[in-house]
Every structure is written in structure tokens, then in C-alpha cells.
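Protein chains in written order, with our numbering: chain A, 636 to 744; chain B, 667 to 780.
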């Protein structure tokens, strides 16, 4: 069983839609929870991080963590074509990041 | 501020050959990490340097992989001899502090072993 499970998609939504991306995990030792965005042929770029259960908002992005259910989410409001990318959840224990496989998102006009 | 730079961006080698990947972290970043993504799989941790010392190398797949960070600046990852299953994208990341909430990743080196 993988430590982090993420639906690979692809996920296609129209511009302006609300996008929900999710990951589940099994390792209770994970301390920090992150979302990365990766464009084609580029490295992952940190979008958001959090370390406690609850919501964290940054502009159009909201990260949600539920430690009791071992479930994290990323919501994107008013999605734009420029949001089209692969979104990776990642969880940190000590110095290591453990990634999900990534969800490919396509926002269409 | 320059980002994390990786060379080459793409390398195609034959099975049994040697390849060396290079990573230049952001200046002043003591922490340097190597990660790898093989086809269809998630990005996986390989190792972590603090300055020139290996802090954690538990993710290195086998002894065909050798990572070095001489002088605590740039790092190299050598694969010798390369096997077909080594194909993938090798990412380097760096951070100033440890622990750090997030690392700055390079664009990766795409390695193809044929």
C-alpha cells in the first residue's frame, strides 16, 4: 500500500469552476502537508503548506487538512486556463517529502 | 536570485554507461536534496545533504548511485553502470533552513537509458 494516494485524473473543468483535489495518507508520522504545482518540463513549485488540521487560504487557493481522517484537499476557486498543470500533494516527515502521483488538471475556455 | 539549476536537462545513454548529473542549489542554501520520478510513479526521495555531509541517504536505490557535494556547494549524482530502470526525471531541490516547509526544486534532468 502506498503511503500517499492521489487520483491521477486527468481532470477537465471549464474556466471559472471550483476545483477540488484530494489525497489520502496512511502514515501518522507525517508532520507537514503541502501542495505543489508542476508545469510540463518544469520542477514542482510550492503552492501551499500547512501543519495542522483545518483550512488555510491564499488567494484563490484553500488547503484543507483532516488529520483524523488522514485526508487533505486543495480547492481552487475561479479556475483559470493558467491553472492547467499537474498538482502534487506532498507530506513531510523529518527531511523527506513523500509525494502523491499527481493529478493532471486542464482548465478549458 | 537564481533558482536551482540542473545540468544537463536531458541525457540519453546506453545501458552500462556512466552518467553524471549536476545540481547547483540556490546560493547560501545548506540543504540539498535529490529526488527521482520514474515513469508512471510518484516522485521519490533519494538523499539529503547538509552542506557537504550526507544527512539521509536512505532513498538511494543501490550502490550504482553515488552522490557527492564537495565544498558544500554544487552536487553531483553519478550512475555507474546505468540500467534501463534508472530512466526517469531526477530533481534536485534546496532549502536554507532545516526543517523547511518547502523546498525550491530545479527543472530536473530527464535521463533515458537505452
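Backbone N, C-alpha and C fix where the C-beta goes; we use that ideal spot for every residue, glycine too.
These figures come from a predicted structure and were not determined experimentally.
inquiry  = So with CB distances below 9 Å, who are the chain A contacts of residue 757/B?
reply    = Residues of chain A passing the Cβ test: 678, 679.
ask   = Grouping DSSP H, G and I as helix and E and B as strand, with all else coil, what is residue 750/B?
value = Three-state result, residue 750/B: helix.
key: Alpha-carbon to alpha-carbon, residue 687/B and residue 760/B   = Their Cα atoms are separated by approximately 15 Å.
task = For residue 676/B, collect the residues of the same chain with a Cβ closer than 6 Å to its Cβ; drop the 5 residues on either side in sequence, then sort them by chain order.
result = Result list for residue 676/B: 776, in chain order.
message = Excluding the 5 residues flanking residue 744/B on each side, which residues of the same chain have their C-beta closer than 6 Å to its C-beta?
response = Correct list, in chain order: 686, 732.
key: Reduced DSSP secondary structure (H/G/I, E/B, other) of residue 718/A   = Shown here, residue 718/A sits in a helix according to DSSP, grouped into three states.
Residue 763/B at chain A interface by Cβ criterion, 8 Å = At least 8 Å separates the CB of residue 763/B from every CB of chain A.
ask   = What residue range is occupied by the uninterrupted beta strand (DSSP E) comprising residue 685/A?
value = In the DSSP assignment, residue 685/A falls within the beta strand (DSSP E) that extends over 680-685.
query = To the nearest angstrom, how far is it from the Cα of residue 714/B to the Cα of residue 757/B?
reply = Residue 714/B and residue 757/B: Cα-Cα distance of roughly 12 Å.
ask   = Terminal residues of the continuous beta strand (DSSP E) containing residue 684/B?
value = Careful: residue 684/B lies outside any beta strand (DSSP E) and carries neither H nor E.
Length at least 3, wholly inside the segment 677-744 of chain B: the beta strand (DSSP E) runs in chain order = Correct list: 685-690, 697-703, 709-716, 719-722, 731-734.
task = Starting from residue 723/B, find everything on chain A with Cβ-Cβ shorter than 7 Å and list it in chain order.
result = Residues of chain A passing the Cβ test: none, with the nearest at roughly 11 Å.
key: As assigned by DSSP and simplified to three states, the class of residue 691/A   = Shown here, residue 691/A sits in a strand according to DSSP, grouped into three states.
ask   = Cα separation between residue 654/A and residue 645/A?
value = Straight-line spacing of the CA atoms in residue 654/A and residue 645/A works out to 12 Å.
ask   = residue 661/A versus chain B: which residues are under 8 Å apart at the beta carbon?
value = Taking a Cβ-Cβ cut-off of 8 Å, residue 661/A has no neighbours in chain B, whose nearest Cβ is about 14 Å from it.
inquiry  = Taking beta-carbon pairs under 9 Å, can you tell me which members of the segment 768-779 of chain B lie near chain A?
reply    = So the list reads 768, 769, 770, 771, 772, 773, 774, 776, given in the order they occur along the chain.
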